[in-house]
Amino acid sequence: MKIRTLPLILVVTSSLAVSYPLLAAEGLTPLQPGATTGTHTGALPPNGLYVSMTSTYETGVVRNGSGDTAKIAGGKNKLSNVGLAMAATWVPGWEFLGARYAAMVVQPYKFIQVKNTGQHTTDHTSGLLGTSITPLALSWDLHNNFHLGAGLAIYLPDGKTAYTRNATTGKKEVSGDNVSWDYWSFEPNIAISYLTDDWGITLNNIFDFNTKNTETDYRSGSTWYLDVTATHRIGNNLNAGLIGNWTKQITDDKVNGRTVQGVEGIYSTGKRVEHIKAGPMLSYNFSGVTVTGRVLINLHSENDAGMTFFHLGVSMPLQ
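Under this note's numbering, the first residue of the sequence shown is numbered 81, with each subsequent residue one higher.
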C-alpha cells in the first residue's frame, strides 16, 4: 500500500516572554503550543532537502491561574502578534538504530503588540527568536501503517533579549522590549502516526526542559505538550483535518531557587501554564509545493496569554 503523508514542516515559534506588568515573570518556554500540529511527525518525508516558510497571526488576552482574564494595571493586556519562521529539513537517506534519520533547523522572527485597556497604552517590539536545531529525528516503520518518531530539539539563547534593573531589589528583570529567551531548552519528543492512503492520525508528545537564565536567576518549569493531528485526503491534492493541543506545565517556575510566588488576579504560585486548543486545518499540494492553513482556537489557558493562532505555511523540496 502506498502511504501518503503530509510534507514535514517543523515551525517553532515562542510564546511571548515579557515582564510584569505585561505578562509577569519570564513567560513560557520557546515551543509554541500546537507548533507541530498539521504534520504527521511519526513519519519522515522522502529523502531530500526541504524548505518551508510559515506566517502566524496570534491574538488573545493574558489569563490568570484560574483561566480568567488577568487584571493588570486596571484593565487587561491584549496581545496581537505576527510571527515568521523559515525552516529547513534534511532527510539524507541514512539509517540509525533501524530508523530513518533527519535533521532540522528553524529560525523565527516575531512582531509583538500589547495593549492595556486600563492605562490605554500600546507597546510594540520585534526581533529574532532563538534558533531551534534538531540534530536528531528518527522514524521507524512499525508496519501495518504505524510509524514511530523520536527526536531531540535544542533551542539556543541567541534571540533578542532586553532587561531592566528593579529599583527596589537592584536585580535584573526581563523588560517589555524582550522578544526571546535567554536560556537553553532541550525538547525530546516521541510520536506515533497511523497513515493510510486516505487517513492520517498522529499523537506527538513533547517534553520541555530548561536551564536557568543566569541574568535573572529565573528557571522556567518543565512542560509537556501533546499535539494531535487527524487528516483525510480528498481527491489527489487536498487534505483536510482537525488539530489540537494540550500544554501542561509539570514543575514550578523558580527564581533564586525558590518557587515563584503568585500575584492575586494575575498568576498563581509556581506559575504553571496550561493550554487547551483545537481547530481545523487544510493543505493543498501542487507540483511538489504544499500550502497549509491551520487554526488553533484557544479553549482554555492558565498563567499565560490565551492565544488563538492562525497559521499559513508553504513547503517545497529543493532536491
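All C-beta atoms, glycine included, are put in the ideal place defined by N, C-alpha and C.
query, result
"Work out the CA separation of residue 185 and residue 63 for me, nearest whole Å.", "Lying outside 81 to 399, the shown extent of the chain, residue 63 is not represented and no answer is given."
"Would you decide whether residue 247 is buried or exposed? Buried here means 16 or more other CB atoms lie within 10 Å of its CB.", "exposed"
"Using 8 Å for Cβ pairs, my map puts residue 330 next to residue 301. What's the rounded Cβ distance?", "7 Å"
"Between residue 206 and residue 259, how many whole angstroms is the CB-CB distance? I'm expecting something under 8 Å.", "7 Å"
"Taking 8 Å as the limit between beta carbons, can you name the residues of its chain near residue 368, skipping five residues before and five after?", "396, 397"
"Can you name the residues that DSSP bridges to residue 195?", "158, 202"
"At 4 residues or longer, and completely inside the region 172-256: list those alpha helix (DSSP H) runs for me, N to C.", "none"
"Taking the alpha-carbon of residue 320 as reference, which of 288, 349, 217, 363 has the nearest alpha-carbon?", "363"
"Please work out which residues of its chain come closer than 6 Å, Cβ to Cβ, to residue 154, disregarding the five sequence neighbours upstream and downstream, and give them in chain order.", "198"
"Would you mind working out which of 149, 144, 357, 239 sits nearest residue 305, comparing C-alpha positions?", "357"
"Are there 16 or more other CB atoms within 10 angstroms of the CB of residue 210, so buried, or fewer, so exposed?", "buried"
"Report all residues from its chain with a CB closer than 6 Å to the CB of residue 180; omit the five preceding and five following residues, and keep chain order.", "124, 219"
"Count the other CB atoms within 10 Å of the CB of residue 315; is the residue buried (16 or more) or exposed (fewer)?", "exposed"
"Can you check whether the CB of residue 309 is closer than 7 Å to the CB of residue 117?", "yes"
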